[in-house]
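Residue numbers (our numbering): 2 to 445. Only one structure is covered here, and it is reproduced in the block below.
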C-alpha cells in the first residue's frame, strides 16, 4: 500500500484583455478580476428557459455578487456595466457529469502511471480545466484523484480559471479490475483503499469513508470491466450486488451519491439494484434494466461522442480490441434509452478525447432522436439534479450567475453549442468573443 503524494497546485492566472466598458475605472477593475462591483446587466437577442422551453426575446439578466438577481425585470437598474451581447442566446452554464481533467489519452497514457508525477496531473488539470470552462462547461463532475479535488478548491477561491468541480477522488474497484492499475509487475502501483482498491463489503465501506475524508463529493465505482484498462473481457461484472449495496448505503450516510462505470448488463443491473445514482456508459441496456432505471430514477450518463473522437492508434492492441467491440453498441443502447424515456444526464468522458470539445455530445443525442431542448436539458437541469447542485442549471433569480451565450438559436441547430461566444461564472466574465476575437480571455 503506497502513501499518496501531496501535490501543491500552483498556477498563474492569465490576465484578461480589456472588455471595453465605457467607464475607465470599471475597465481596469474588469481587467484584473473579471468582475465588477455593483450590478452587471447582460442583454441578448434571446434567452432560453430550459425548464419550460420558452425562448424569450430581447432578454435581460441582472447579476450581482455572483448570483442572478433579476430575469427580464420591468425596470432595469442603472449600471456602469451594461453589456449588450447582441444576436446570441443566453443559456445556463453547461454541466458535464463525466470528465477526467487530469489527463488526456495518448500513446504513453498507460506508462504515464509510473513515469509521470502528480505535478504533471496538476498542470494538466489547470490547462484542460481552462479549455473546458471556455467551451461553456462551468461545472464538471470529475474522476481525477486528489488533483481535481484541489482544482475545485482553487476555482472556488478564484485563484484560477476552470469549471466548478464535483470530485470523486479515487474510484473504487476490485483488485485487478478496471479501477485498479493493471499490467505492471507485482509491487508496481499496488493499490489499497487509499487508491480505491477494495474487496468485500467492509473494505468497500472503509474505502468510501477514506475517499470522503479526503474530499470526494461523489463516489465512483467500477461495477464492470472496462475498455481503457489492461484487463477484460469488457463488460464483465466485477463488484457484487452485496459490495455495491454496502457502498451505496455508506455513501448515503454521508449525503453522497454513487456513480457506477458499467458496460455489461449483469453489472449494470446489479448497480441499479444497489441504488447508484447514475450508470456511466451503459453500453448494453436491456428492457428490464431500462424499466428499473426509470422506476428508480437512475440516470444514464452516455459518454457516446468519444466513439467519434477517440484515437484508436494510441491504444494498445488489447484495449483497441475492446474499444472496437463496445463503442458501436453504446449508440444502440442510447437510442433505445431515449425512446424508452430513461433519465439522461450529459457526460462525455473528456480526456478520452480532447478537452474542450465536450459539446460534441449534444449532436449525438439529437441524431439518435432526442429533441434539441431535451438535449440541452441533459447538461442543465438534469445534470444539476444528478449532481445535487440546485443552485445552477437554470437562469433564475437567486441562482449562481453561471451564464453562457451561443450564436443563433440552439433549438434550431444544436451544433451552435460548439461555438460559445460568452462565458460568465459566478458573475466573473471568463470569455467574450466579439468580431471573431476573444475580448476577455481568462482561460487557456
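We treat Cβ as the ideally placed atom computed from N, Cα and C, and that holds for glycine.
Counting C-beta pairs closer than 8 angstroms gives three or more between the region 196-214 and the region 164-171, which meets the contact rule.
Between residue 54 and residue 369, the CB-CB gap reaches or exceeds 8 angstroms.
Going by DSSP, residue 378 is part of the alpha helix (DSSP H) stretching over 373-379.
Here DSSP, grouped into helix, strand and coil, assigns residue 369 to coil. In chain order, 415, 416 place their CB closer than 7 angstroms to the CB of residue 364, counting only its own chain and leaving out the 5 sequence neighbours on each side. In its chain, beyond the 5 residues on either side, 67, 68, 392, 393, 427 have a beta carbon closer than 7 angstroms to the beta carbon of residue 401. Annotation for residue 116: no residue places its beta carbon closer than 7 angstroms to its own, counting only its chain and skipping 5 residues before and after. For the pair residue 344 and residue 77, the Cα-to-Cα distance works out to about 38 angstroms. Residue 101 places its beta carbon 8 angstroms or farther from that of residue 159.
DSSP places residue 260 in the uninterrupted beta strand (DSSP E) bounded by 259-263. If you look at residue 209, you'll find it in the alpha helix (DSSP H) that goes 202-214. Counting C-beta atoms within 10 angstroms of its own C-beta, residue 438 has fewer than 16 neighbours from the protein chains shown and is therefore classed as exposed. Note on residue 132: 16 or more other CB atoms within 10 angstroms of its CB, so buried under the neighbour-count rule. Cβ-Cβ separation between residue 430 and residue 422: approximately 12 angstroms, too far for a contact (criterion under 8 angstroms).
By the neighbour-count criterion, in which a residue is buried when 16 or more other Cβ atoms sit within 10 angstroms of its Cβ, residue 399 is exposed. A check of alpha carbon separations from residue 120 across 360, 139, 151, 142 identifies 151 as the nearest. Residue 58: not part of any alpha helix (DSSP H); member of the beta strand (DSSP E) spanning 56-65, first to last residue. For residue 69, the enclosing beta strand (DSSP E) begins and ends at 68-72.
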